[in-house]
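**Q**
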Amino acid sequence: MASMDFDLSPKSAQKLFEGEGGSYYSWSSSGFPMLGEQKVGAGKLLLPPRGFALPHYADSSKIGYVLQEEVVLRLKKGDVIPVPLGALSWWYNNGDHSEEVVIVFLGETSKSFIPGEFTYFFLSGGQGIMGGFSSEFISRAYKMNEKEASKLAKSQTGILLIKLEPGVSMPQPNSKTTEKMVYNIDAAPADVEVNGGGVFKTLTAAKFPFLEEAGLSVNHVRLEANAMHSPSYTADGTFQAFYVASGAGRVQVVGIGGKACPGHQNTGRSITCCPEILRGCSDC
Numbered sequence: 001m002a003s004m005d006f007d008l009s010p011k012s013a014q015k016l017f018e019g020e021g022g023s024y025y026s027w028s029s030s031g032f033p034m035l036g037e038q039k040v041g042a043g044k045l046l047l048p049p050r051g052f053a054l055p056h057y058a059d060s061s062k063i064g065y066v067l068q069e070e071v072v073l074r075l076k077k078g079d080v081i082p083v084p085l086g087a088l089s090w091w092y093n094n095g096d097h098s099e100e101v102v103i104v105f106l107g108e109t110s111k112s113f114i115p116g117e118f119t120y121f122f123l124s125g126g127q128g129i130m131g132g133f134s135s136e137f138i139s140r141a142y143k144m145n146e147k148e149a150s151k152l153a154k155s156q157t158g159i160l161l162i163k164l165e166p167g168v169s170m171p172q173p174n175s176k177t178t179e180k181m182v183y184n185i186d187a188a189p190a191d192v193e194v195n196g197g198g199v200f201k202t203l204t205a206a207k208f209p210f211l212e213e214a215g216l217s218v219n220h221v222r223l224e225a226n227a228m229h230s231p232s233y234t235a236d237g238t239f240q241a242f243y244v245a246s247g248a249g250r251v252q253v254v255g256i257g258g259k260a261c262p263g264h265q266n267t268g269r270s271i272t273c274c275p276e277i278l279r280g281c282s283d284c
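So the sequence shown is numbered by full-length UniProt numbering: it starts at 1 and just counts up by one.
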């Protein structure tokens, strides 16, 4: 019989970058090998007011869930936004107060350079792709003189996250586009709601067609104190990654032959996983 020794203990993210424009955290496959084995990844972006994540794309499809405050596009707390593999995006906190924008990303990494991790490719900045090309090459490609080409490729020296100066003009959000690309799962009706127990919601492409672009689905569970989510499994063998946004509770997973993986206490801002086919349950 195959071994069922999984390390499913909750893991906290590691800070990869911090600056005036914000910070980015990642759960590494070296610290959480199950992510690499099952080809899923997770990260978290924090943007202070006027914090700006430079334009970039990634080698993985993922879903962003807005945990806190508002950002341009326009997003608000509880919004789910799919980011398909290779899609270009930038993220900006246009708030004037001290509140941070916090977005957690969960996704699959089957095509990524490092299984279990997201790799980002920036168009501009100190690590931008454009800066790697010669001014002569850029001037020919975009029909510019070399001075203009050099400015395009090298004028922005910030890395990953920068803070924009007051008064910088940004594109205004398009409400029609937002309706197609964003779904607020916090405001959506529950699939299951138990008085004093909690709420369970599921989000698939049937409700939110743009999810199909990322090939992912979302479950949103809120448990009241001393409540539990009954044992369940995914019939199609889907691997599940959980992010605990707040509170504390336990997750138990049972595998082949009824062997239980060790149960662990989960606290807010941590992730854990449930391998495919195995049955899991959680409580608070």
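Idealized CB from N, CA, C, for every residue including glycine.
The structure displayed is predicted, hence computed values, not measured ones.
#1: Where DSSP assigns a beta bridge to SER89, which residues make up the other side?
#2: Go ahead and label VAL192 buried or exposed: buried means 16 or more other beta carbons lie within 10 angstroms of its beta carbon, across all protein chains shown.
#3: On a Cα-Cα basis, can you pick out the residue from PRO209, ILE159, GLY107 and MET228 that is closest to PHE200?
#4: What residue range does the beta strand (DSSP E) around PRO231 cover?
#5: Which term fits PRO166, buried or exposed, when burial requires 16 or more other beta carbons within 10 angstroms of its beta carbon?
#6: How many angstroms separate the CA atom of MET4 from the CA atom of GLU18?
#7: Can you give me the Cβ contacts of SER110 inside the same chain, cut-off strictly under 6 angstroms, excluding the 5 residues immediately before and after it?
#8: So, is MET1 buried or exposed, given that buried needs 16 or more other C-beta atoms within 10 angstroms?
#9: Tell me which residue opens and which closes the alpha helix (DSSP H) that THR178 is part of.
#10: Specify the secondary structure class of ALA260 as computed by DSSP and reduced to three states.
#11: Using the three-state DSSP reduction, which class does MET1 fall into: helix, strand or coil?
#12: Whose CA, out of PRO231, LYS151 and LEU223, lies closest to the CA of GLY247?
#13: Which runs of the alpha helix (DSSP H) fall wholly inside the segment 89-164 and span at least 4 residues, in chain order?
#14: Ignore the nearest five residues each way along the sequence and tell me which others in LEU216's own chain have a CB closer than 6 angstroms to its CB.
#15: From GLU108 to SER61, what does the alpha carbon distance come to, in whole angstroms?
#16: Which residues in the same chain as ASN145 place their Cβ atom closer than 8 angstroms to its Cβ, once the five residues preceding and following it in sequence are excluded?
#17: Give me the residue from TYR92, GLY196, SER112 and HIS97 with the minimum Cα distance to ILE103.
#18: Under DSSP, the alpha helix (DSSP H) around ALA214 begins and ends at which residues?
#19: Could you tell me which residues DSSP pairs with PHE242 in its beta bridges?
#20: Where does VAL218 sit, in a helix, a strand or coil, going by DSSP?
#21: Whole angstroms is fine: what's the gap from ASN219's alpha carbon to ALA260's?
#22: Decide if VAL66 is buried, meaning its Cβ has at least 16 other Cβ atoms within 10 Å, or exposed.
#23: I'd like the span of the beta strand (DSSP E) that includes ASN18, first residue to last.
#24: Quick check on LEU47: buried or exposed, where buried means 16 or more other Cβ atoms within 10 Å of its Cβ?
#25: With a cut-off of 8 angstroms on the beta carbons, I'd call TYR57 and PHE121 a contact; round off their distance for me.
#26: For LEU152, I'd like the list of residues in its chain whose CB is within less than 8 angstroms of its CB, leaving aside the five on either flank, ordered along the chain.
#27: With a cut-off of 8 angstroms on the beta carbons, I'd call PHE52 and TRP27 a contact; round off their distance for me.
#28: Within its chain, find whatever has a CB closer than 7 angstroms to the CB of GLN127; leave out the 5 residues flanking it on each side and keep chain order.
#29: Quick one: what does DSSP say GLU193 is sitting in, helix, strand or coil?
#30: Please report the distance separating the alpha-carbon of SER9 from that of ALA187.
**A** Here's the rundown:
#1: Within the DSSP bridge table, the entry for SER89 names HIS56 as partners.
#2: Classification for VAL192: exposed.
#3: Considering only PRO209, ILE159, GLY107 and MET228, the residue with the shortest C-alpha distance to PHE200 is MET228.
#4: Residues 228-232.
#5: Per the 10 Å Cβ criterion, exposed.
#6: Unreliable placement is indicated for MET4, whose pLDDT of 48 sits below 50; the coordinate value is still reported in the next sentence. Answer to the nearest angstrom: the Cα atoms are 38 angstroms apart.
#7: Cβ neighbours of SER110 beyond the five flanking positions: LYS39.
#8: Confidence at MET1 is low in this model, with a pLDDT of 38, below 50, so its placement is unreliable and the value that follows should be read with caution. Burial is judged here by how many other beta carbons sit within 10 angstroms of a residue's own beta carbon; MET1 has fewer than 16 and is exposed.
#9: Looking at the DSSP string, the run of the alpha helix (DSSP H) that includes THR178 is 175-181.
#10: Note: ALA260 maps to strand in three-state DSSP.
#11: The predicted position of MET1 is uncertain, since its pLDDT is 38 and thus under 50; no value can be drawn from it.
#12: In terms of Cα proximity to GLY247, the closest of PRO231, LYS151 and LEU223 is LEU223.
#13: Those alpha helix (DSSP H) runs which fall completely within the segment 89-164 and span 4+ residues are 135-142 and 146-154.
#14: Same-chain partners within the cutoff: ILE63.
#15: SER61 has its alpha-carbon roughly 6 angstroms from the corresponding atom of GLU108.
#16: Excluding positions up to five away in sequence, the list reads SER139.
#17: When C-alpha distances from ILE103 are compared across TYR92, GLY196, SER112 and HIS97, the shortest belongs to TYR92.
#18: Segment 211-214, the alpha helix (DSSP H) holding ALA214.
#19: DSSP, once it has assigned bridges, lists THR272 as partnering PHE242.
#20: DSSP places VAL218 in strand when its eight states are reduced to three.
#21: Their Cα atoms are separated by approximately 23 angstroms.
#22: Taking all protein chains shown into account, VAL66 has 16 or more neighbouring C-beta atoms within 10 Å of its C-beta and is therefore buried.
#23: Residue identity differs from the one stated: residue 18 is Glu in this sequence, not Asn. Per DSSP, the continuous beta strand (DSSP E) segment holding GLU18 begins and ends at 14-19.
#24: By the neighbour-count rule (16 or more Cβ atoms within 10 Å), LEU47 is buried.
#25: Rounded, the Cβ-Cβ distance is 6 angstroms, consistent with contact.
#26: Excluding positions up to five away in sequence, the list reads MET130, ILE138, TYR142 and MET144.
#27: Between PHE52 and TRP27, the beta carbon gap of about 24 angstroms keeps them out of contact (Cβ cut-off 8 angstroms).
#28: Hits under 7 angstroms: ILE159.
#29: Note: GLU193 maps to strand in three-state DSSP.
#30: Straight-line Cα distance between these residues: approximately 31 angstroms.
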